[in-house]
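According to the UniProt record's numbering, the stretch in the sequence shown is residues 1 to 583, in order. Just so you know, even glycine gets a beta-carbon here, dropped at the ideal spot from N, CA and C. This report concerns only the one structure given below.
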Amino acid sequence: MTSLRATLDRAFLDSAGWSRAARVRIAGDASFRHYDRLESADGPAVLMDAAPPREDVRPFVAITRYLESLGLSAPGLIAADVAHGFLLLEDLGDDRYSRVIPREPAMERGLYEAAVDVLVDLHRHPVPGDLAVGNGETYVLPRYDDALYGRELQLFTDWYLPALTGTPMTVALRQEFIALWRAALAQLEPGRDVLVLRDYHADNLMWLPDRDGVARVGLLDFQDAVAGHPAYDLVSLLEDARRDVPPALADEMIDHYLGATGLDAEAFRRDYAILGAQRNVKIIGIFTRLYARDGKAAYLDLIPRVWGLLDRDLAHPALADLKLWFDRHVPAARRGVAPRADATSRLPKQALLLAAGLGLRMRPLTLETPKPLIAVAGQPMLDRMLDQLAEVGVDRAVVNMHHLPDCLRTFAVTRDGRLPTVVLSDESDLLLDSGGGVKKMLTYAGDAPVYVLNSDMLWRDRGAPALTRLGLAFEAERMDGLLMLCPRDQATGYDGPGDFYLGDDGRLTRRGTRANAPYVFTGIQILQPELFAKQPEGPFSLNLVYDAALAAGRLYGLVHDGDWMHVGTPDAIGAAEQRLLAE
1 MTSLRATLDR AFLDSAGWSR AARVRIAGDA SFRHYDRLES ADGPAVLMDA APPREDVRPF
61 VAITRYLESL GLSAPGLIAA DVAHGFLLLE DLGDDRYSRV IPREPAMERG LYEAAVDVLV
121 DLHRHPVPGD LAVGNGETYV LPRYDDALYG RELQLFTDWY LPALTGTPMT VALRQEFIAL
181 WRAALAQLEP GRDVLVLRDY HADNLMWLPD RDGVARVGLL DFQDAVAGHP AYDLVSLLED
241 ARRDVPPALA DEMIDHYLGA TGLDAEAFRR DYAILGAQRN VKIIGIFTRL YARDGKAAYL
301 DLIPRVWGLL DRDLAHPALA DLKLWFDRHV PAARRGVAPR ADATSRLPKQ ALLLAAGLGL
361 RMRPLTLETP KPLIAVAGQP MLDRMLDQLA EVGVDRAVVN MHHLPDCLRT FAVTRDGRLP
421 TVVLSDESDL LLDSGGGVKK MLTYAGDAPV YVLNSDMLWR DRGAPALTRL GLAFEAERMD
481 GLLMLCPRDQ ATGYDGPGDF YLGDDGRLTR RGTRANAPYV FTGIQILQPE LFAKQPEGPF
541 SLNLVYDAAL AAGRLYGLVH DGDWMHVGTP DAIGAAEQRL LAE
């Protein structure tokens, strides 16, 4: 916990009257949230710490209140600091389904039937409109639409398959995958949407036998709820990534749901298989991301079970074309195999950020603020880049400074405790240009390949993070540098002639004397530190390094899959904001 976060934590508990409570950390989930159990004279409670901007407690608050209004057992809200991401919640105890069933195996059928009854009851109600958060603020449920399905499916192609094979996913293969899924999802029976809790499984269900009816099932982890198909949460319950639900019991529970709702059995089971396959594909991607990005290797052990569930779903005739795709690209012998450790662990853990420029073209904004600290869409550019580095596991970032260095020193203090750790490389006395700046920063970073980023650009990813794709594609044995490129006609805030041509083998050649080149260098790259060993001390351009790598045939490029914005003048800020905020 950072010192600032600790201060906010204490202030919240003081205001709620729980500052003297004993506390102990309890198991969390796959998010960036943390949970503590508090014990006071008034009984137990649970503190949720969901720090913005990575987390937002508003959906949880709104959905909790709605579920309680239906007589369902969501944790009651004792106190809330929505702005800072603190909630004090009713403690529903320790009897998760995943603990009760191993302890009392004879209860398994009854517990699952009770959980299905909750869904039957919930699905009788229309999807709510605006949900109250408090203080006049409302929350509108997102819808499980084609765009959301597609984003989730790309977790498989952008995280799992590259980690499994050690090579980045091609755009054509991803497009083929998504087209097949669009055709499969188009078969879903249209009908009344319901509230879909999304993570409705044994680890998020509590057994509360002292309560009556559907209130006997306590509900956790529903802040990602959407409006969607009624089969989805039944899939979550019965195709559990963390525990084996006997197939006979799953069939019995589907029949129980169908008997209670009167839905058409054939159509519902088809939709159940389609949504089951979609969900399991997503989970395989998520578990890989949790390993590759967040270092949570335990999730890899769950992937074989999820593959088994996916294969069961793919056996349905409605998914025949997708089954052929999986058979081609992930043969049976490789299904259930954990992603290659070397493919994900080789991503650089350190980054160098070129932030020492004078920002002359950004005046008058840079008269009092260094260019990297200018806010675009409400966040300083440097802060946004550091957050994106943290998302791919970078734990240390060296930032050089020259113009208004005290501003960058203050900024580094404000990020205290947030990853990556910021180390400042001072060029106040002599500006070292791009190459000299990198050479000096490397004295803080060691001998491993590093990310190097310009500070006058921003990017947005469509699939896997650009930094992950770059890291997976970088091969130290044959590359001195790997540069992220953007098609010239797709670059925002750039009106130049382009920088490079990209060969079929990934090697780069400069534009040279030609009028135009198809690709712009984005300022995002991985470089080998040894490139700088023979370069002189003092100021020099990175172009000297690029020329040496080009001459050796060791400078490569990778095309960015997303939006890229050059923010070099005040006029470019508005265009960048439009691109960042676009749907």
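Check	Outcome
For Val235, which residues from the same chain have a beta carbon less than 7 Å from its beta carbon, with the 5 sequence-adjacent residues on both sides left out?	Tyr272, Leu275, Gly276 and Arg279
Under the three-state reduction of DSSP, which class applies to Val394: helix, strand or coil?	coil
Ignore the nearest five residues each way along the sequence and tell me which others in His256's own chain have a CB closer than 7 Å to its CB.	Glu113 and Val116
Spell out the partners DSSP gives Arg23 in its beta bridges.	Leu38
Relative to the ligand ADP, is the shortest distance from any of its heavy atoms to the C-beta of Ala51 smaller than 7 Å?	In the structure shown, the ligand ADP is absent, as is every other ligand, since no ligand is present at all.
Rounded to whole angstroms, what is the Cα-Cα separation between Gly503 and Thr509?	8 Å
When the distance is taken between beta carbons, is Ala132 closer than 8 Å to Arg65?	yes
Roughly how many angstroms separate the alpha carbons of Met441 and Leu467, rounded to a whole number?	20 Å
What first and last residue would you give for the alpha helix (DSSP H) that runs through Leu164?	Leu161 to Thr165
When the Cα of Gly85 is compared with those of Val120, Tyr35 and Ala248, which residue comes out closest?	Tyr35
How far does the beta strand (DSSP E) with Leu527 in it reach, from first residue to last?	Tyr519 to Leu527
At the level of alpha carbons, what is the spacing between Leu47 and Asp224?	19 Å
Out of curiosity, what's the CA-to-CA distance linking Met1 and Gly417?	With a pLDDT of 39 at Met1, under the threshold of 50, the predicted position of this residue should be treated as unreliable, though the coordinate-derived value follows. Distance between the alpha carbons of Met1 and Gly417 is about 7 Å.
Between the C-alpha atoms of residue 585 and Ser19, what's the straight-line distance to the nearest angstrom?	The question about residue 585 has no answer, for the chain in this structure spans 1 to 583.
Count the other C-beta atoms from every protein chain shown that fall within 10 angstroms of the C-beta of Leu185, then say buried if there are 16 or more, exposed otherwise.	buried
Alpha carbons only, please: which of Pro570, Tyr451, Pro348 and Tyr444 is nearest the one belonging to Pro364?	Pro570
How far does the alpha helix (DSSP H) with Glu90 in it reach, from first residue to last?	Where Glu90 is concerned, there is no enclosing alpha helix (DSSP H), although the beta strand (DSSP E) it sits in stretches over Phe86 to Glu90.
With Ser256 as the anchor, note down where its alpha helix (DSSP H) starts and where it stops.	Residue identity check: residue 256 is His in the sequence provided, not Ser. From DSSP, the alpha helix (DSSP H) with His256 extends over Pro247 to Thr261.
Based on the DSSP secondary-structure assignment, which residues constitute the bridge partners of Ser434?	BP columns for Ser434 are empty, so no partner.
Specify, as a first and last residue, the run of the beta strand (DSSP E) that Ser73 falls within.	First-last for Ser73: undefined, no H or E at that position.
Classify Ser455 as helix, strand or coil using the three-state DSSP reduction.	coil
Pick helix, strand or coil for Leu365, following the three-state DSSP scheme.	helix
Alpha carbon to alpha carbon, what distance is there between Asp81 and Ser69?	21 Å
Nearest CA to the CA of Gly538: which residue from Gly435, Asp461, Ile573 and Leu238?	Gly435
What ranges does the beta strand (DSSP E) occupy inside the region 455-514, keeping only unbroken runs of at least 3 residues that lie completely in it?	457-461, 481-487, 500-502 and 508-510
How far does the beta strand (DSSP E) with Leu558 in it reach, from first residue to last?	Leu555 to Val559
Between the alpha carbons of Asp95 and Ala106, how many angstroms are there, rounded?	15 Å
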